[in-house]
Amino acid sequence: MSNAYVEVAHVEVTSNVSAVDLANCMSSTYDVYYLVCSNVTLDADGGYKVVGKVSNVVETVENTAVAGRASDLGGSYGQYNTGVFPTPRDFIMIQRNYNFQTALTGNNSVLEGYIFNTQSSSHNKYSIYNNMNATSNTTDRFWRYRMQVEVDNTNIYDGLYITPQSATNISGGKFTLYGMKNN
Amino acid sequence: MATLDEFIAQVTADVENEKPLMKAVGNDVIEFTEDDYNWVINNRANDLFWQQENGWIQARQDAYGSVESQLDMIYWDGVNGTTTWQDHIAQVKLDNPKP
């Protein structure tokens, strides 16, 4: 089927791990990838990030640019740029700090979106994605981020690496990467 | 105020105590490689350093509230002769001090 999404990697975390390694799952077979991270829980508050792998080594660049907008049904919303995101800014996607603790009831989060140019050696890497957090920790708040990221290099990705931003472990969640053919 | 090198030393000790750290690869759960350990130490230390240096900015931005809600406060302060908005901003700054 043309323009079909094809699952190329899937990891389900059911007990503590410090990283999810989607290794050697990206290739020239696909032009655009779509990542879905659902119901992710961490063993402490804080976000998690997705970083590209080059020749099966996690990237260490610090020149990611970020832009986006956050909406919060609990009250505030705002626009974000690079300044509010931690360094090293090596991520292609990030789920910003919020409540992911397993102790919190009602946690339900999704990070999903596209990653472009992964196989190009002449274009920077881009992503556009949504973060959604619904949690009942305070007053049934619902947060949504619509973000865009540019990683300012032309390395060819062959995988992704997902780690907590400040917590130690990912304690649960499903991580699925799809490839999308262009014909 | 800790330096980045001091955070790296602290995190290195923490990770040493936490070993073995595991990662999920497909259906397997395996121990970190040396590269994984080095990467996570650098990542955590940088995050701690960033939180120390810039966390107060993010906390203030989250606490100020939307521009619309602040404009509403300012409007009603003008109507009622109150200082709700000024008090709110002052409290946010007080709660999230610049280090």
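Chains as they are written, first to last, in the numbering used here: chain R, 1 to 183; chain H, 1 to 99.
Even glycine gets a Cβ: it sits at the ideal position worked out from N, Cα and C.
query, result
"Let me make sure I understand the geometry here. Which of R/64, R/12 and R/27 has the alpha-carbon closest to that of residue 24 of chain H?", "R/12"
"Work out the CA separation of residue 174 of chain R and residue 167 of chain R for me, nearest whole Å.", "18 angstroms"
"If you draw a straight line from the C-alpha of residue 115 of chain R to the C-alpha of residue 23 of chain R, how long is it?", "16 angstroms"
"Alpha carbons only, please: which of H/13, H/4 and H/93 is nearest the one belonging to residue 62 of chain H?", "H/93"
"Do we get a CB-CB distance below 8 angstroms when we pair residue 56 of chain H with the residues of chain R?", "no"
"What does DSSP give as the partner residue(s) for residue 64 of chain R in the beta ladder?", "R/151"
"Which residue marks the beginning of the alpha helix (DSSP H) containing residue 51 of chain H, and which one marks its end?", "34–64"
"Can you grab the Cα-Cα spacing for the pair residue 48 of chain H / residue 62 of chain R, in whole Å?", "16 angstroms"
"May I ask which residues mark the beginning and end of the beta strand (DSSP E) holding residue 53 of chain R?", "48–54"
"Use the C-beta contact count for residue 179 of chain R: other C-beta atoms within 10 angstroms, 16 or more gives buried, fewer gives exposed.", "buried"
"Taking only the alpha-carbon atoms, compute the straight-line gap between residue 104 of chain R and residue 43 of chain R and give it to the nearest angstrom.", "Its pLDDT being 49, under 50, residue 104 of chain R is placed unreliably in this model, and the coordinates cannot settle the point."
"Using the three-state DSSP reduction, which class does residue 70 of chain H fall into: helix, strand or coil?", "helix"
"Rounded to whole angstroms, what is the Cα-Cα separation between residue 54 of chain H and residue 87 of chain R?", "10 angstroms"
"Taking C-beta pairs closer than 8 angstroms, name the residues in chain H that residue 58 of chain R reaches, listed in chain order.", "35, 36 and 39"
"Within the 8 angstroms Cβ cut-off, does residue 84 of chain R reach chain H?", "yes"
"Can you confirm whether residue 93 of chain H, when its beta carbon is compared against all beta carbons of chain R, has any partner nearer than 8 angstroms?", "no"
"Do residue 22 of chain H and residue 121 of chain R count as a contact pair if the criterion is CB distance below 8 angstroms?", "no"
"Output yes or no for whether 8 angstroms exceeds the beta carbon distance between residue 41 of chain R and residue 43 of chain H.", "no"
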